[in-house]
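Respectively, the protein sequence lines represent chains G and H. In terms of the working numbering, the first sequence opens at residue 476 and continues consecutively. In terms of the working numbering, the second sequence opens at residue 308 and continues consecutively. Glycine is no exception: its CB is placed at the ideal position from the N, C-alpha and C atoms. This report refers to the structure that appears directly beneath it.
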Amino acid sequence: MKNRLKVLRAERDWSQSDLAERLEVSRQSVNAIETGRYDPSLPLAFKIAELFELAIEDIFTSPSKTV
Amino acid sequence: MRQANRRYLNRFIPSMICYAVFLVGSNMVEAAYAPTGTPLIALAILPALPIIAVIWAMGMAIVEQPDEYVRAKLIHAMLIATALMLSVMTVWSFLEETGAVPGKPVHLAFPLWCAGLLVGQVWLWARDRIAGREA
Numbered sequence: 476m477k478n479r480l481k482v483l484r485a486e487r488d489w490s491q492s493d494l495a496e497r498l499e500v501s502r503q504s505v506n507a508i509e510t511g512r513y514d515p516s517l518p519l520a521f522k523i524a525e526l527f528e529l530a531i532e533d534i535f536t537s538p539s540k541t542v
Numbered sequence: 308m309r310q311a312n313r314r315y316l317n318r319f320i321p322s323m324i325c326y327a328v329f330l331v332g333s334n335m336v337e338a339a340y341a342p343t344g345t346p347l348i349a350l351a352i353l354p355a356l357p358i359i360a361v362i363w364a365m366g367m368a369i370v371e372q373p374d375e376y377v378r379a380k381l382i383h384a385m386l387i388a389t390a391l392m393l394s395v396m397t398v399w400s401f402l403e404e405t406g407a408v409p410g411k412p413v414h415l416a417f418p419l420w421c422a423g424l425l426v427g428q429v430w431l432w433a434r435d436r437i438a439g440r441e442a
């Protein structure tokens with residue numbers, strides 16, 4: 476699933492490790508989500524959205540809208 | 308995540324030590340006393356119990372893994388292992404029918420599955436490394 480995680484992270488000058496620490500997940504999880512190789516669960520997507528104080532759809536692009 | 312790995316090792320290592328002790332012990336008792344009936348069955352089953360404990364530890368490693376991506380990768384690797392083991396056993400069965408190979412070494416099913424798990428984990432690790440470099 477396409478997302479703006481890398482951009483949002485860069486805006487805050489956070490490394491993948493910084494974001495992983497804030498989300499309480501591994502750095503490889505952040506990398507997999509950023510590169511679209513892994514779609515986070517709904518609880519993790521909410522956690523990401525709450526961290527960036529945005530709505531989920533402001534971070535993740537619905538697969539139906541990318542076709 | 309580290310705690311989950313530590314808990315897994317705390318279950319895995321004693322189980323493997325028990326396996327080695329039970330295997331050698333049961334073989335020695337069997338050779339020395341040549342038991343029959345129920346004692347023989349008990350002796351034969353004894354080394355299998357720690358292996359069952361290892362399988363349980365692997366299941367708990369998934370249940371207790373707090374990182375959902377790592378958990379998904381572990382399950383993916385286990386599916387690869389299962390597919391490899393079933394494929395090898397299926398091919399072996401057909402070869403066995405023709406008499407080209409001896410009977411299946413069934414006791415090697417779990418070590419074969421573990422080897423498949425290693426292959427799966429290495430493959431997923433390499434995939435992550437390549438994708439991480441491209442990102």
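For residue i, tell me which candidate among the options has the shortest Cα-Cα distance.
i      : options                           : result
H:A311 : H:V331, H:A364, H:Y326 and H:I352 : H:A364
G:F521 : G:E496, G:I531 and G:S490         : G:I531
H:A384 : H:V328, H:M396, H:A355 and H:L424 : H:L424
H:V336 : H:I320, H:P354, H:Y376 and H:M396 : H:P354
H:M392 : H:I348, H:R309, H:T405 and H:C421 : H:C421
H:A349 : H:I382, H:G366 and H:L330         : H:L330
H:R313 : H:M367, H:T389 and H:G344         : H:M367
State the CB to CB distance for the pair residue i and residue j, rounded to an integer number of angstroms; the pair is presumed to be in contact (CB under 8 Å).
i      : j      : result
H:W399 : H:K411 : 5 Å
H:L402 : H:V408 : 4 Å
H:S322 : H:A360 : 4 Å
Just list the residues that DSSP pairs residue i with in beta bridges.
i      : result
G:N478 : G:F535
Under 8 Å between the Cβ atoms of residue i and residue j?
i      : j      : result
G:L494 : G:V482 : no
H:I387 : H:G427 : yes
G:E499 : G:L480 : no
G:D533 : G:M476 : no
H:D374 : G:S501 : yes
G:R484 : H:A438 : no
H:C325 : H:P357 : yes
H:V395 : H:L419 : yes
G:Q491 : H:Y376 : no
Which residues, in chain order, does the stretch 363-383 of chain H contribute to contact with chain G at a C-beta distance below 9 Å? Going along the stretch 363-383 of chain H in chain order, one finds P373, D374, E375, Y376, V377, A379 and K380 with a Cβ nearer than 9 Å to chain G.
For the stretch 477-507 of chain G, which residues have a beta carbon sitting closer than 7 Å to at least one beta carbon of chain H? Correct list: V500, S501, Q503, S504, N506 and A507.
For the stretch 323-340 of chain H, which residues have a CB atom closer than 9 Å to at least one CB atom of chain G, in sequence order? For the stretch 323-340 of chain H, which is checked against every Cβ of chain G, not one residue is closer than 9 Å.
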